[in-house]
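J.: So the sequence shown is residues 15 to 437, counted in this note's numbering.
Questions regarding the structure given below will be posed in turn.
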Amino acid sequence: MTETNSAPDWNFHPERDAITAETHARPASAISSPAEVLHLAFRCEEEVAYKFFEIVEGQKFESFPRHLTGTVDKLKVKLERHTEFMSCTVFLELEGRKDTSDIASMVFDTFPVAEVEILVLLHLSLVRSASAMLKIMPLDQRIYGGRMRSGIDVRSSFVPDESGAIRFSLFGKSLTSEEFGRRLQRILEMETYRTMSLLGLPVARRVSSELSTVEQELEELTTSLRQNNNTSPAEDEKVFAHLSDLSEKTNMLLTETRYRFAASRAYFTLFQQRVESLEEEKVGDVQTMSGFLRSRLEPAMATIESTAKRQETLTNDLSRALLLLRTRIELNLNKGNQALLQSMDKRHLQQLKISQTVEGLSVVAITYYAVGLISHFFKALANQPWMPLSTTMLTAISVPFVLLIVWRSLHRLRKAWEEHRSQ
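Spelled out as structure tokens, the structure:
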């Protein structure tokens with residue numbers, strides 16, 4: 015009896031397939047010289063992006079893929095979707111071809127390029143000789159380049175030609191198509207990430223002028239507060255409102271630029287990784303691509319970083335200024351409350367004295383009328399034969415007792431009313 019082996023029923027994480035597939039995503043496309051390569055990185059609406067994928071696949075998609083390779087007529091096409099842009103790389107191998115069709119015109123006629131916003135446009139020529147490589151480059155511009163890993167010579171002026179594309183020429187001996195494809199992909203990614211990282215520079219320059227205005231206003235306000243400590247509550251509230259407006263403006267700028275600056279940092283890191291992977295070596299007197307690009311990109315990134323730090327510092331300074339002013343307003347308010355309480359305490363003492371005076375007068379008045387009432391009783395009592403005292407004497411004797419009874423009664427009533435009021 016034979017036993018059948020069955021695979022264990024593993025319980026995988028729901029995202030495991032996507033994570034594993036990411037390792038094999040966006041592979042380099044093999045290519046042999048001579049060849050022409052056109053690379054576009056662009057932004058577009060989702061329906062336009064669908065058109066690119068549908069043209070390559072030849073059918074509609076049920077779900078939108080992140081990357082796709084295929085062939086359209088004589089063109090080998092590679093499409094990739096990134097976080098905020100999409101790229102289309104078109105390969106045209108010239109071996110055995112007699113026609114001299116322009117690859118840019120072929121791409122423009124095949125894909126809806128007119129409907130996209132192009133960020134990066136690169137035109138690379140893979141040639142078979144060093145002389146052919148130099149012929150492609152313009153004579154009136156400075157050329158940069160060197161020898162990359164695997165012995166590939168590369169040259170570029172990094173200046174867009176009349177069509178708007180940045181031209182590269184590459185020449186390599188005894189290379190497999192896979193090796194050439196990997197080096198080519200690194201160049202495409204290097205230039206794409208370089209451009210994407212620089213998107214934060216115009217934003218930094220625009221924000222910098224606005225930050226300067228806010229910094230100047232903040233300095234004027236803090237100087238005014240430091241020099242004038244005896245300000246009125248109305249003046250403090252006016253300054254507080256001004257600081258609040260500045261803080262709101264700074265926070266809005268921070269919100270608007272946070273993503274762009276963070277993206278520039280991420281793209282710059284990827285650019286550095288791609289440059290290092292090229293392992294470029296200097297050839298003759300030509301300045302290397304890596305040296306030239308870093309010398310231009312690093313100051314731009316320093317501007318972005320300094321602007322981001324200025325925003326953070328300004329936000330913190332405004333928060334501290336608001337906190338100090340709020341404390342100052344609260345202290346002034348407490349002083350005002352203390353003065354009000356003292357005024358209320360004095361008023362209460364005055365009212366207490368008045369009430370005590372009124373109470374004393376009330377005791378006298380009530381005693382007077384009470385003695386007047388009971389004097390009639392004393393008249394009848396004095397007419398009795400057994401009463402030795404006269405009406406006047408009886409009335410005089412009753413006055414202290416009536417006075418005490420009246421004062422005691424009013425005191426209890428006032429005390430009961432105060433206890434009820436305090437509850």
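Using N, Cα and C, we set each Cβ at its ideal position, and we do this for glycine too.
Give me the Cα-Cα distance between residue 341 and residue 227, rounded to the nearest whole angstrom.
T.: In the sequence shown, the residue the question calls residue 341 occupies position 327. In the sequence shown, the residue the question calls residue 227 occupies position 213. So the alpha carbons of these two residues sit roughly 26 Å apart.
J.: Smallest Cα separation from residue 438: which of 279, 225, 170 and 224?
T.: The chain is shown only over 15 to 437; residue 438 falls outside these bounds and no answer can be derived.
J.: Compute the Euclidean distance between the alpha carbons of residue 108 and residue 125, then round it to the nearest angstrom.
T.: Sequence index remark: in the sequence shown, residue 108 carries index 94 (1-based). Sequence index remark: in the sequence shown, residue 125 carries index 111 (1-based). C-alpha separation (whole angstroms): 21 Å.
J.: Let me check one thing: in DSSP terms, what residues is residue 186 bridge-paired to?
T.: Sequence index remark: in the sequence shown, residue 186 carries index 172 (1-based). Note: residue 186 sits in a beta bridge opposite 166.
J.: Who are residue 92's beta bridge partners in DSSP?
T.: Position 78 of the sequence shown, counting from 1, holds the residue named residue 92. BP columns for residue 92 point to 83 and 103.
J.: Report the option in 98, 136 and 99 whose CA atom is closest to the CA atom of residue 105.
T.: As a working note, residue 105 is residue 91 in the sequence shown. Checking every option, the nearest Cα to that of residue 105 belongs to 136.
J.: Out of 303, 416 and 219, point me to the one whose CA is closest to residue 320's CA.
T.: For the purposes of this step, residue 320 is taken as residue 306 along the sequence shown, with counting starting at 1. The shortest Cα separation from residue 320 among 303, 416 and 219 belongs to 219.
J.: Between which residues of its own chain and residue 318 is the CB-CB distance below 7 Å, once the five residues before and five after are set aside?
T.: By 1-based counting over the sequence shown, the position of residue 318 is 304. Taken in chain order, the residues that qualify are 214, 215, 218, 275 and 278.
J.: Count the CB pairs spanning the region 189-202 and the region 280-299 that are closer than 8 Å, and state whether there are at least three.
T.: Yes, the region 189-202 touches the region 280-299.
J.: For the putative contact between residue 56 and residue 120, defined by C-beta atoms under 8 Å, what is the C-beta separation to the nearest angstrom?
T.: Stepping through the sequence shown from its first residue, residue 56 is reached at position 42. Stepping through the sequence shown from its first residue, residue 120 is reached at position 106. The pair is not a contact, with the Cβ atoms about 17 Å apart (cut-off 8 Å).
J.: Answer yes if the region 231-242 comes into contact with the region 153-170, meaning at least three C-beta pairs across the two stretches below 8 Å, and no otherwise.
T.: Touching, no, given that fewer than three Cβ pairs across the two stretches are closer than 8 Å.
J.: On the CB-based measure, 16 or more other CB atoms within 10 Å of its CB, does residue 430 come out buried or exposed?
T.: The residue labelled residue 430 in the question sits at position 416 within the sequence shown. With fewer than 16 other Cβ atoms within 10 Å, it is exposed.
J.: Of the choices 187, 427 and 389, whose alpha-carbon is the least far from that of residue 407?
T.: Along the sequence shown, one-based indexing puts residue 407 at 393. It is 389 whose Cα lies nearest to the Cα of residue 407.
J.: For residue 15, name the three-state secondary structure that DSSP assigns.
T.: Reading the sequence shown from its first residue, position 1 is the one you call residue 15. Below a pLDDT of 50, predicted positions are generally treated as unreliable, and residue 15, at 46, falls in that range; the measurement from the model is reported next regardless. In this structure, residue 15 counts as coil in the three-state DSSP scheme.
J.: Residue 394 and residue 404: beta carbons closer than 8 Å?
T.: Sequence index remark: in the sequence shown, residue 394 carries index 380 (1-based). Sequence index remark: in the sequence shown, residue 404 carries index 390 (1-based). It is not a contact, given that the beta carbons lie outside the stated cut-off.
J.: Could you please give the first and the last residue of the uninterrupted alpha helix (DSSP H) stretch that includes residue 57?
T.: Position 43 of the sequence shown, counted from the first residue, corresponds to residue 57. It is not in any alpha helix (DSSP H) - residue 57 instead sits in the beta strand (DSSP E) that spans 49-57.
J.: Please state whether the Cβ-Cβ distance between residue 51 and residue 69 is less than 8 Å.
T.: Here residue 51 corresponds to residue number 37 of the sequence shown, with the count starting at 1. Here residue 69 corresponds to residue number 55 of the sequence shown, with the count starting at 1. The answer is no: Cβ separation not under 8 Å.
J.: In the DSSP assignment, find the beta strand (DSSP E) that holds residue 62 and state where it starts and stops.
T.: Here residue 62 corresponds to residue number 48 of the sequence shown, with the count starting at 1. Element bounds for residue 62: not the beta strand (DSSP E) but the alpha helix (DSSP H), 60-71.
J.: Assign residue 377 to buried or exposed, taking buried as 16 or more other Cβ atoms, counted over all protein chains shown, within 10 Å of its Cβ.
T.: In the sequence shown, counting from the first residue as 1, residue 377 sits at position 363. Classification for residue 377: buried.
J.: Roughly how many angstroms lie between the CA atoms of residue 151 and residue 176, to the nearest whole one?
T.: Along the sequence shown, one-based indexing puts residue 151 at 137. Along the sequence shown, one-based indexing puts residue 176 at 162. The alpha-carbon atoms of residue 151 and residue 176 are separated by roughly 13 Å.
J.: Across which residues does DSSP place residue 158 in a beta bridge pair?
T.: In the sequence shown, the residue the question calls residue 158 occupies position 144. Per DSSP, 170 and 301.
J.: Does residue 219 come out as helix, strand or coil in the three-state DSSP assignment?
T.: Counting from one through the sequence shown, the residue named residue 219 turns up at place 205. DSSP places residue 219 in helix when its eight states are reduced to three.
J.: Looking at residue 332 and residue 232, is the spacing between their C-beta atoms short of 8 Å?
T.: For the purposes of this step, residue 232 is taken as residue 218 along the sequence shown, with counting starting at 1. For the purposes of this step, residue 332 is taken as residue 318 along the sequence shown, with counting starting at 1. Yes, they are a contact pair.
J.: What is the rounded straight-line gap between the Cα of residue 258 and the Cα of residue 60?
T.: Within the sequence shown, numbered from 1, the residue matching residue 258 stands at position 244. Within the sequence shown, numbered from 1, the residue matching residue 60 stands at position 46. Rounded to whole angstroms, residue 258 to residue 60 spans 40 Å at the Cα level.
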